[in-house]
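Residue numbers (numbering that gives the first Met the number 0), protein chains in the order written: chain F, 0 to 346; chain U, 0 to 411.
Glycine is no exception: its CB is placed at the ideal position from the N, C-alpha and C atoms.
Source: prediction; values computed, not measured.
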Amino acid sequence: MGLRIVHYINQFFAGIGGEEKADLPPELRSGPLGPGRLIQSLLEGRGEVVATLICGDTYFAEHQEEACRHSAELLLTVKPDLLLAGPAFASGRYGLACGEVARLALHELKIPAVAAMHPENPGAQAAVAGAHIVPCGSSAASMKEAVPRLLALGIKLATGADVSPDVDGYLPRGIRKNVTAELPASARALDMLLAKIAGRSFASEVPLPQFDRVPPAPPVPDLRWATVALLTEGGLVPRGNPDRIESSRASRYARYPIGELRAFVPGEFESVHGGYATDHANADPNRLVPLDVARRLEKAGRIGRLHEVYYTTVGNGTSVQKAQSFAREIAAELRAGGVQAAILTAT
Amino acid sequence: MLTLYEHVIRDIRFGDEPSLRDGLLTLAPERIRALAADPLIHSANLHIARPGERVRIVHILDAVQPRAKGGEGIVFPGFLGPPRTNGMGETHILTHCALVSVSLLPRAQEALIDMAGPGASIGPLAKDLLIVLEFAPVEGAPWAEYEATIRLAMLRVAAHLGEIARGVGPDRTRQVPRASSASGLPRVGYIYNLQAQGSYKDTFVYGRSAGEILPTPITPGEILDGAVVSGNYGHPSLKNSTYAHLTNPVIRDLLARDGRDLAFGGIILKPEPVTLEAKELVAGYAANLASLLNWQGAIVTKEGGGNADIDLFLTAERCEQRGVRTVLLMAELAGPDGRTPPLLGSLPSADALVSLGNYEEPVTLSAVERVIGGDSLRLADGPVAGSLTIPIAPIFGSLSPVGLGSIMARAQ
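Right, dumping it as structure tokens:
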């Protein structure tokens with residue numbers, strides 16, 4: 000049996016009308032319409048455009064949530080094997096709708112989906128959210144090149160074939176996936192090195208990073224009035240590791256009360272970090288999280304008050320994504336707790 | 000010149016007298032247990048695991064490819080005898096097989112090998128016949144001494160296994176020159192980072208901790224004769240086991256391509272120290288050596304996660320500043336769903352990276368019929384023989400920094 004395809008287009012390509020009809024809410028019509036007829040002719044028995052999903056560009060842009068919900072309902076009545084959207088060329092609102100419908104189909108309805116649009120169409124941002132987007136020209140003049148590429152990738156996705164941006168030409172989605180290498184790493188490395196020495200072009204297999212730069216917080220005006228918190232990625236936990244923080248690739252952090260403590264007592268706290276020799280930290284946990292010194296500073300009035308809990312996790316192979324989520328939650332709690340400064344000890 | 004006699008092992012069995020005939024290796028278990036005996040070792044049990052068998056090996060510490068000298072000299076100098084430099088003469092190597100040590104050791108991260116199923120397809124040792132030595136300490140044995148004892152026992156047994164091949168006709172003979180005689184080709188070397196962070200995360204060069212050395216040139220034959228030995232029980236997929244040092248694919252390919260499309264300019268061993276100051280020193284020092292050796296380019300590999308990346312990037316930067324082009328081998332930390340930026344850091348001149356795969360992508364291992372090495376896993380609850388979904392990270396050698404693995408990560 001061939002693939003059952005739903006094609007998404009706007010009111011203009013559906014032949015309903017121009018701007019004056021752009022507030023049309025989503026509707027489903029059976030069979031292909033407009034560019035869908037080209038898709039149908041290219042299918043040559045491999046499948047059928049069973050329906051066309053149409054939405055006005057203005058409606059989609061101004062009622063995005065409603066348009067998505069309604070589109071999803073309509074798609075579920077058909078349950079297609081593949082959704083194709085556009086091509087939207089350089090049309091911004093149409094591109095937005097195509098990208099969003101493709102993302103929605105894949106991530107929420109688990110229906111393989113591809114959209115086509117010019118790479119600078121604002122709708123192409125949906126690629127970063129995981130949608131497959133085939134780049135094409137900026138105007139309908141490129142329709143005849145764009146539609147076959149849209150369909151070719153769609154068929155590969157719908158039939159479960161392996162795809163990659165390098166081979167299939169879609170916009171990078173920022174997703175890394177393990178695959179079996181065709182040549183050993185050593186052979187690829189030597190080939191790359193010889194190309195580099197000879198001044199030939201080469202491509203790094205790992206994309207080079209662009210990191211967030213976190214601007215430092217403004218200085219604390221006067222530490223004598225500040226509440227100071229202690230944080231560590233050094234894995235210091237109460238004996239027995241009650242929250243089972245992992246010794247590497249930590250998936251969680253924890254907070255433990257220190258309001259009653261003058262200093263950490265060896266044996267009552269221990270480090271569960273798997274990335275360094277923990278003997279010294281266990282012999283005196285205060286060298287990992289300087290509670291003893293912080294209490295002395297508090298008593299001497301050099302800092303206002305020590306926060307009543309300390310935060311801990313293990314920073315050992317922890318993904319940036321996890322670390323960012325820990326940071327967001329911890330920072331929000333510290334702010335809610337009136338903390339103005341934090342000392343984060345790293346190992 | 001070093002002459003390698005490679006003996007392909009096709010099966011292994013236990014018997015009374017050790018022998019090697021037509022690829023069938025017969026082991027005498029009593030002989031092996033006697034070699035492994037030590038007052039700190041309570042027991043050393045011997046197991047065999049074959050490719051394709053539904054076997055899971057857990058609590059793996061290290062693996063060694065067996066070998067022995069044919070004439071003069073010893074393998075693993077500094078451990079099995081005085082640290083006299085070697086890499087000359089004749090060496091018998093047993094290929095398609097490995098000796099694997101298994102034991103509980105505090106702070107050793109869980110490492111496993113599946114001999115069949117999805118785990119086997121990404122674990123480089125699953126292709127070999129494995130002779131597993133399962134050690135247990137006597138009660139109260141100090142851990143650091145116990146670790147040194149089983150490391151030495153492994154090397155003794157590996158040399159014993161190699162000796163069985165003495166006098167047997169090899170399947171293949173290879174010549175390994177001390178230095179290249181090629182001319183008119185790009186001169187390419189290898190900067191070989193070794194993790195050296197003290198007990199349980201150490202690497203030994205001629206029996207001494209690599210933490211005590213400045214970067215130093217070494218000939219490929221010395222590595223093949225066991226000058227570099229692992230004492231590293233951190234990241235099982237990101238460390239260089241002794242097996243990885245002995246079978247290093249970067250060295251293998253440099254030797255194979257020497258005179259063809261490159262001139263193999265040599266190897267520089269380089270420690271990965273723990274302070275930034277020392278990292279800067281060894282990076283600059285290695286780059287100076289590469290430049291003194293007239294290298295036009297260098298492959299750089301690392302060992303371990305996190306701070307080892309800094310060693311890699313600093314080495315690339317210092318080399319590039321001296322006109323030595325670099326390519327780095329790098330495992331990625333792209334998160335379980337592959338959506339996290341894959342590198343912890345970077346420097347602009349580290350612009351040529353070969354991917355060894357994403358450390359965190361989950362893999363579902365099939366259930367097995369037999370488990371060697373323990374009845375628990377230090378990473379997942381549930382039966383150790385069952386089907387498991389785990390990150391790739393604990394699969395021994397799967398992301399091997401020197402490129403023993405079979406995967407890479409790609410944009411999807």
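Could you check what DSSP says for residue 114 (chain U) in three-state terms: helix, strand or coil?
For the purposes of this step, residue 114 (chain U) is identified with residue 115 of the second sequence, where counting begins at 1. Note: residue 114 (chain U) maps to coil in three-state DSSP.
Boundaries of the alpha helix (DSSP H) in which residue 153 (chain U) is found, first to last residue:
For the purposes of this step, residue 153 (chain U) is taken as residue 154 along the second sequence, with counting starting at 1. Its alpha helix (DSSP H) spans residues 142-163.
What distance in whole Å lies between the Cβ atoms of residue 92 (chain U) and residue 391 (chain U), which are believed to be in contact at a cut-off of 8 Å?
As a first step, residue 391 (chain U) must be located in the second sequence, where it is residue number 392. As a first step, residue 92 (chain U) must be located in the second sequence, where it is residue number 93. 28 Å between Cβ atoms; not a contact.
Ends of the alpha helix (DSSP H) at residue 339 (chain U)?
Within the second sequence, numbered from 1, the residue matching residue 339 (chain U) stands at position 340. It is not in any alpha helix (DSSP H) - residue 339 (chain U) carries neither H nor E in the DSSP assignment.
Relative to the C-alpha of residue 184 (chain U), which candidate in U:309, U:262, U:139 and U:15 has its C-alpha closest?
Against the second sequence, residue 184 (chain U) aligns to sequence position 185. Ranking U:309, U:262, U:139 and U:15 by Cα distance to residue 184 (chain U) puts U:262 first.
In angstroms, rounded to a whole number, what distance separates the CA positions of residue 53 (chain F) and residue 145 (chain F)?
Here residue 53 (chain F) refers to the residue found at position 54 when the first sequence is read from its first residue. Here residue 145 (chain F) refers to the residue found at position 146 when the first sequence is read from its first residue. Their backbone Cα atoms lie some 19 Å apart in a straight line.
Of the residues U:171, U:254, U:148 and U:228, which one's Cα is nearest the Cα of residue 22 (chain U)?
In the second sequence, the residue the question calls residue 22 (chain U) occupies position 23. Closest option to residue 22 (chain U), Cα to Cα, is U:171.
What is the rounded straight-line gap between the Cα of residue 329 (chain U) and the Cα of residue 321 (chain U)?
Sequence index remark: in the second sequence, residue 329 (chain U) carries index 330 (1-based). Sequence index remark: in the second sequence, residue 321 (chain U) carries index 322 (1-based). Annotation: residue 329 (chain U) to residue 321 (chain U) spans about 22 Å, alpha carbon to alpha carbon.
Less than 8 Å between CB atoms is the rule here; does residue 176 (chain F) satisfy it with respect to chain U?
Counting from 1 along the first sequence, the entry for residue 176 (chain F) is found at position 177. Interface with chain U (8 Å Cβ-Cβ cutoff): residue 176 (chain F) is included.
Could you check whether residue 48 (chain F) and residue 35 (chain F) sit closer than 8 Å to each other, using their CB atoms as the reference points?
Locating residue 35 (chain F) in the first sequence gives position 36, where the first residue counts as 1. Locating residue 48 (chain F) in the first sequence gives position 49, where the first residue counts as 1. Going by C-beta atoms, residue 35 (chain F) is nearer than 8 Å to residue 48 (chain F).
Determine whether the Cβ of residue 186 (chain F) lies closer than 8 Å to any Cβ atom of chain U.
Walking along the first sequence from the start, residue 186 (chain F) turns up at place 187. So yes, residue 186 (chain F) belongs to the interface.
Relative to the C-alpha of residue 10 (chain F), which candidate in F:27, F:345 and F:23 has its C-alpha closest?
To locate residue 10 (chain F), count along the first sequence from 1; it is residue 11. Nearest of F:27, F:345 and F:23 to residue 10 (chain F), Cα basis: F:23.
Check this for me: beta carbons of residue 411 (chain U) and residue 176 (chain F), under 8 Å apart or not?
Here residue 411 (chain U) is taken as the residue at index 412 of the second sequence, counted from 1. Here residue 176 (chain F) is taken as the residue at index 177 of the first sequence, counted from 1. Yes, the Cβ-Cβ distance between residue 411 (chain U) and residue 176 (chain F) is below 8 Å.
So what's residue 12 (chain F) in DSSP terms, helix, strand or just coil?
Position 13 of the first sequence, counting from 1, holds the residue named residue 12 (chain F). The answer is coil: DSSP assigns residue 12 (chain F) none of H, G, I, E or B.
Considering Cα atoms alone, identify which of U:54, U:161 and U:116 is closest to residue 19 (chain U).
Taking the first residue of the second sequence as position 1, residue 19 (chain U) is located at position 20. Residue U:161 is the option with its Cα nearest to residue 19 (chain U).
Distance CB(residue 82 (chain U))-CB(residue 239 (chain U)) smaller than 8 Å:
Here residue 82 (chain U) corresponds to residue number 83 of the second sequence, with the count starting at 1. Here residue 239 (chain U) corresponds to residue number 240 of the second sequence, with the count starting at 1. Cβ atoms of residue 82 (chain U) and residue 239 (chain U): not closer than 8 Å.
Less than 8 Å between CB atoms is the rule here; does residue 320 (chain U) satisfy it with respect to chain F?
Numbered from its first residue, the second sequence carries residue 320 (chain U) at position 321. False, the Cβ-Cβ gap to chain F never drops below 8 Å.
Along chain U, in chain order, which residues have C-beta atoms closer than 7 Å to that of residue 204 (chain F)?
Looking up residue 204 (chain F) in the first sequence gives position 205. Near residue 204 (chain F) (Cβ distances below 7 Å), the residues of chain U are 352, 353, 354 and 407.
Per DSSP, cross-strand counterpart(s) of residue 413 (chain U):
Because chain U spans 0 through 411 in this model, residue 413 (chain U) falls outside it and cannot be assessed.
If residue 101 (chain U) and residue 60 (chain U) are in contact, beta carbons under 8 Å, what's the gap, nearest whole angstrom?
Locating residue 101 (chain U) in the second sequence gives position 102, where the first residue counts as 1. Locating residue 60 (chain U) in the second sequence gives position 61, where the first residue counts as 1. With a Cβ gap of about 7 Å, residue 101 (chain U) and residue 60 (chain U) count as contacting.
Run the CB neighbour count on residue 282 (chain F), radius 10 Å, all protein chains shown included, and call it buried at 16 or more, exposed below.
Sequence index remark: in the first sequence, residue 282 (chain F) carries index 283 (1-based). With fewer than 16 other beta carbons inside 10 angstroms of its own, residue 282 (chain F) counts as exposed.
Taking residue 84 (chain U) as the reference, give the member of U:235, U:288, U:301 and U:226 with the closest Cα.
In the second sequence, residue 84 (chain U) corresponds to position 85, counting from 1. Checked all of U:235, U:288, U:301 and U:226; the closest Cα to residue 84 (chain U) is U:226.
Per DSSP, residue 228 (chain F) forms a beta bridge with which residues?
Working through the first sequence from its first residue, we reach residue 228 (chain F) at position 229. According to DSSP, residue 228 (chain F) shares a beta bridge with F:341.
Can you pull the DSSP bridge partners for residue 106 (chain F)?
What you label residue 106 (chain F) is simply residue 107 of the first sequence in a count that begins at 1. The partner list for residue 106 (chain F) (beta bridge, DSSP) is empty, contrary to what the question assumes.
DSSP state of residue 20 (chain F) mapped onto helix, strand, coil:
Taking the first residue of the first sequence as position 1, residue 20 (chain F) is located at position 21. Helix.
Any chance the stretch 224-234 of chain F sits against the stretch 303-312 of chain F, with 3 or more Cβ pairs inside 8 Å?
yes
Buried/exposed call for residue 323 (chain F), threshold 16 Cβ in 10 Å
Within the first sequence, numbered from 1, the residue matching residue 323 (chain F) stands at position 324. Counting of Cβ neighbours within 10 angstroms places residue 323 (chain F) among the exposed residues, the total staying below 16.
Straight-line CA distance for residue 68 (chain F) to residue 216 (chain F)?
On the first sequence, position 69 is the one that residue 68 (chain F) refers to. On the first sequence, position 217 is the one that residue 216 (chain F) refers to. Cα-Cα distance, rounded: 41 Å.
DSSP three-state call for residue 42 (chain F): helix, strand or coil?
Stepping through the first sequence from its first residue, residue 42 (chain F) is reached at position 43. Looking at residue 42 (chain F) - three-state DSSP - the assignment turns out to be helix.
Mind checking if residue 180 (chain F) is an interface residue toward chain C, Cβ cutoff 8 Å exclusive?
Absence of chain C from the displayed structure is noted, the protein chains being F and U.
Provide the residue(s) that pair with residue 75 (chain U) in DSSP beta bridges, ordered along the chain.
Position 76 of the second sequence, counted from the first residue, corresponds to residue 75 (chain U). According to DSSP, residue 75 (chain U) bridges with nothing at all.
Three-state secondary structure assigned by DSSP to residue 235 (chain F)
Your numbering for residue 235 (chain F) matches position 236 in the first sequence. The answer is strand: DSSP assigns residue 235 (chain F) an E or B state.
Please compile the residues from chain U whose C-beta is within a distance smaller than 7 Å of the C-beta of residue 207 (chain F).
Position 208 of the first sequence, counted from the start, is the residue given in the question as residue 207 (chain F). Below the 7 Å Cβ cutoff, chain U contributes 345 and 350 as neighbours of residue 207 (chain F), in chain order.
With a threshold of 8 Å, are at least 3 pairs of Cβ atoms found where one atom belongs to the stretch 347-365 of chain U and the other to the stretch 34-48 of chain U?
no
Rounded to the nearest angstrom, what separates residue 31 (chain U) and residue 133 (chain U) at their Cα positions?
Here residue 31 (chain U) corresponds to residue number 32 of the second sequence, with the count starting at 1. Here residue 133 (chain U) corresponds to residue number 134 of the second sequence, with the count starting at 1. If I take the Cα positions, the gap works out to 12 Å.
Kindly confirm or deny that the stretch 110-118 of chain F and the stretch 131-145 of chain F touch, where touching means at least three C-beta pairs closer than 8 Å.
yes
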